[in-house]
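Heads up: the structure comes next, in structure tokens.
Numbering (UniProt numbering), first residue to last: 1 to 153.
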């Protein structure tokens, strides 16, 4: 599904890592038997198939890519605490921030104002917590210095 931000996230990650892949478009209105086979639980995209074995859920796929292809850039820090914290905040962005952003884009009037306020509150919380995890600061993002949270945004 070309418009899926979650599919685009996986594609971006593969491209940043320089991994060649075959992209297969899926019609989510008329889901194929292949999608049912590779993601029988949720029957949704993205699905990454490596050597005939499927991986589902974009954040899980991103971590798999980082752990399998250890070339630069590495998306997660080596420090287990920082890694766990980044996983949490990536999930927060993936679910909470994205959900609120979609509400901002699809609502009007008071509902939109409330969604905008909530969006900025969530982003502010994220900013404060990331500064707590990385008090030394985060380096400037470029092609060789990008992390999992950067990709999620």
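Even glycine gets a Cβ: it sits at the ideal position worked out from N, Cα and C.
Can we say the segment 107-123 touches the segment 66-73, given the rule of at least three CB pairs closer than 8 angstroms? no
Consult DSSP for residue 50 and reduce its assignment to one of helix, strand or coil. strand
For residue 70 and residue 32, what's the separation of their Cα atoms in angstroms? 33 angstroms
Going by the DSSP bridge assignment, what does residue 56 pair with across the sheet? 47
Classify residue 75: buried if its beta carbon has 16 or more other beta carbons within 10 angstroms, exposed otherwise. buried
Where do the ends of the alpha helix (DSSP H) carrying residue 1 lie? It is not in any alpha helix (DSSP H) - residue 1 carries neither H nor E in the DSSP assignment.
Close Cβ partners of residue 122 (< 7 angstroms) along its chain, the five nearest in sequence each way excluded: 96, 97 and 100
Buried versus exposed call for residue 19 [16 or more other C-beta atoms within 10 Å across all chains shown]: exposed
Residues near residue 149 by beta carbon distance below 8 angstroms, same chain, minus five either side: 86, 89, 90, 93 and 130
State the CB to CB distance for the pair residue 7 and residue 45, rounded to an integer number of angstroms; the pair is presumed to be in contact (CB under 8 angstroms). 5 angstroms
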